[in-house]
Amino acid sequence: MANLNLAQPSGSFQARVAKSVERSKQNAPSQPGSESPEELRKREERALEVFAKAADLEAQGKLNDALREYSRSFKIHDRVDLLYRSTLKYKTPAGLSSGYAEQKETEQEEEPQEPEGPCYLLEAPSEIIIDILEHLAVQNTLDFVHFSATCKRVYDLSKTERIWQQLSMRSFPEQVMSEEYRQWLLCGGHEAGEDDTEEKELSRQLAMVSLTDPEQHICDTLYASSWHYMYLTRPRLRYDGVYIAKCSYIRPGLASNMTQAWNTPMILVEYYRYIRFFPNGKCFVMQKTTHPEEVVYTFGQDIPQTRRSRRKGNPEDTGAWATFKIMPDPGTDPKNHSAIALVEIPGTTSLKYRLRLGPALSKKAFDEGTDLERCGTQWRKMKWERLSSVRVVEDEEEALEELPLSTKNEKSFYFSRVTFRNRDVNKK
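This note's numbering puts the first residue of the sequence shown at 15, with every later residue one more than the last.
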């Protein structure tokens with residue numbers, strides 16, 4: 015057996031190890047403090063250059079290449095991310111490096127702007143501003159509200175009673191009211207006919223009022239002779255838009271026999287209810303899954319009722335014409351009352367909507383100075399009071415008993431002003 019010498023390695027092996035260690039020292043990055051400031055600066059610049067390239071690649075979506083460049087930059091300098099953030103923090107944006115003094119000199123060298131002319135509206139008499147506000151309120155109430163919020167003087171002049179009288183006389187006389195509600199308003203919010211003598215006296219007074227000015231009488235008795243208070247608090251229906259209700263509910267989907275109970279799909283059902291009222295006592299009712307932007311612009315008086323809506327049991331699926339009237343809401347305060355809008359959809363099975371119209375502002379809010387711009391969504395909201403169906407039999411004179419329907423999934427209607435394509439808003 016040959017003898018092995020294990021005491022010392024050969025000289026050639028020692029030389030190879032020494033060369034390998036020297037090569038590793040040369041390739042290894044220099045430790046902080048072991049290199050000159052010039053070498054450190056160059057290494058930082060090289061690391062920042064690679065890091066910036068990696069950031070550009072990341073912004074372009076080339077994540078693999080960016081990861082490789084990020085790794086290279088950290089191998090060059092282990093704190094390159096902090097260096098990069100510091101350069102971004104102290105980097106001066108383009109256009110601001112000239113300094114404040116140079117910027118001021120540049121502004122002075124620019125051509126002076128022409129002086130603004132005087133504001134003639136501030137110098138105009140109050141009577142002229144009131145006339146402007148009156149014309150603006152009649153043409154576009156929303157622009158009138160926005161214009162009245164421009165300054166304090168215009169805001170104070172916008173409360174002139176003459177303006178609100180014009181708005182009230184354009185809105186309330188064309189409201190379709192039941193005879194019961196009309197009498198309730200004319201007698202100051204009190205129920206009529208407690209005895210024969212009082213009923214006769216009331217009939218005589220109502221006959222006299224109807225021949226003169228009923229709206230003035232209502233304003234004097236219920237709203238303290240304030241047209242402003244009457245316009246903001248008296249319930250009314252608007253004819254220059256559509257009332258929209260977005261309804262939704264969740265129901266379980268169809269599950270197979272192999273599906274676990276906790277795995278049953280749930281379906282979100284969304285649909286919209288639309289109502290557009292007209293001054294002639296008619297309204298168009300529709301229930302559809304289509305978004306409002308696709309249907310509301312075509313809601314005009316020339317919409318024909320489809321055969322399907324007349325033939326099927328639910329006429330509101332494809333749209334149907336209905337009648338409406340405003341009725342009193344019993345038990346409400348005459349000075350801060352609400353009303354009921356009764357919508358009847360004719361058919362073999364007649365549908366009835368009872369929707370509550372509340373005041374735009376309460377008396378307390380009006381006394382505190384709240385105007386239309388800050389009254390929220392109350393003035394354009396209709397709440398569900400009741401939904402019922404009535405089975406109509408042609409052979410019988412009277413309809414059968416009303417069957418109440420659930421309104422659990424129904425939401426309130428909100429008014430949305432719409433510029434209709436057929437321009438028939440005031441069409442009688």
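All C-beta atoms in this analysis are idealised placements derived from N, C-alpha and C, irrespective of residue type, glycine included.
Given the structure is predicted, the values throughout are model-derived calculations rather than measurements.
By alpha-carbon positions, which one of the options ends up nearest to residue i?
i    : options                : result
S402 : L371, R99, R265, T363  : T363
E141 : R99, D170, E229        : D170
L417 : V159, R400, E424, T433 : R400
F298 : E308, H305, R290       : R290
D145 : V168, C133, K89        : V168
R176 : S192, K67, P293, S240  : S240
P266 : L419, V256, E193, P279 : P279
L96  : E58, D70, P132, K67    : E58
E415 : R370, N423, L365       : L365
T194 : K397, V432, E358, D343 : A small correction: the amino acid at residue 194 is Glu; Thr does not occupy that position in the sequence shown. Per the Cα distances, D343.
V283 : N294, H305, E307, I264 : I264
N423 : C261, R370, S100       : C261
L246 : D254, S182, A66, Q189  : S182
T304 : Y311, S172, Y286, F313 : Y286
E188 : R55, D254, T235        : D254
Y98  : A66, K296, E148, L77   : A66
V404 : R196, Y367, L136       : Y367
A336 : E307, Q153, K296, L135 : K296
S192 : F338, L369, H160       : F338
T155 : L369, R55, S172        : S172
Is any heavy atom of the ligand PLP found at a distance shorter than 7 Å from the C-beta of residue i?
i    : result
E308 : This structure lacks the ligand PLP; in fact it carries no ligand of any kind.
Could you compute how far the alpha carbon of residue i sits from the alpha carbon of residue j?
i    : j    : result
T174 : I258 : 33 Å
I281 : Q301 : 19 Å
M244 : W198 : 15 Å
I143 : T164 : 13 Å
D70  : E52  : 27 Å
R93  : S50  : 18 Å
W398 : I359 : 16 Å
P293 : L356 : 15 Å
S162 : C201 : 34 Å
V190 : D227 : 17 Å
T312 : R252 : 17 Å
P137 : Q153 : Inspection of the sequence shows that residue 137 is occupied by Glu rather than by Pro. Their backbone Cα atoms lie some 24 Å apart in a straight line.
D234 : Y288 : 36 Å
P132 : G333 : 55 Å
W393 : L147 : 21 Å
V159 : R196 : 29 Å
P306 : A73  : 40 Å
P139 : T421 : 54 Å
E308 : G361 : 27 Å
K166 : Y134 : 16 Å
L369 : L268 : 35 Å
Enumerate in chain order the residues of its own chain whose CB-to-CB distance from residue i is below 6 Å, with the five nearest sequence positions on each side excluded.
i    : result
P64  : Per the sequence presented here, residue 64 reads as Val, with Pro not at that position. Excluding positions up to five away in sequence, the list reads E83, R86, S87.
Y237 : Y243, M244
Q179 : W241
R437 : Reliability fails at R437, whose pLDDT of 46 lies under 50, so the model's placement of it is uncertain and the value that follows must be treated cautiously. Hits under 6 Å: none found.
V310 : V256, V432
S44  : The predicted position of S44 is uncertain, since its pLDDT is 49 and thus under 50; a value taken from the coordinates is nonetheless stated next. Same-chain partners within the cutoff: there are none.
L77  : none
Per DSSP, residue i is paired with what?
i    : result
Y367 : V357, L401
G4   : Only positions 15 to 442 of the chain appear in the structure, and residue 4 is not among them; the question remains open.
T337 : K296, E358
Y288 : I258, M300
V283 : Y263
M396 : L371, F427
L417 : S403
M191 : I340
Quick one: what's got a C-beta closer than 8 Å to residue i's C-beta in the same chain, skipping five residues either side?
i    : result
K395 : G372, S426, F427, Y428, F429
D157 : L150
P249 : I340, H351, S352, A353, L371, G372, P373
T101 : L62
E229 : S182, M183, F186, P187
G75  : none
Between residue i and the rest of its own chain, which residues show a CB-CB distance below 7 Å, the 5 nearest in sequence each way excluded?
i    : result
R60  : I90
A68  : A80, E83, Y84, S87
I232 : L199, L200
L419 : L401, S402, S403
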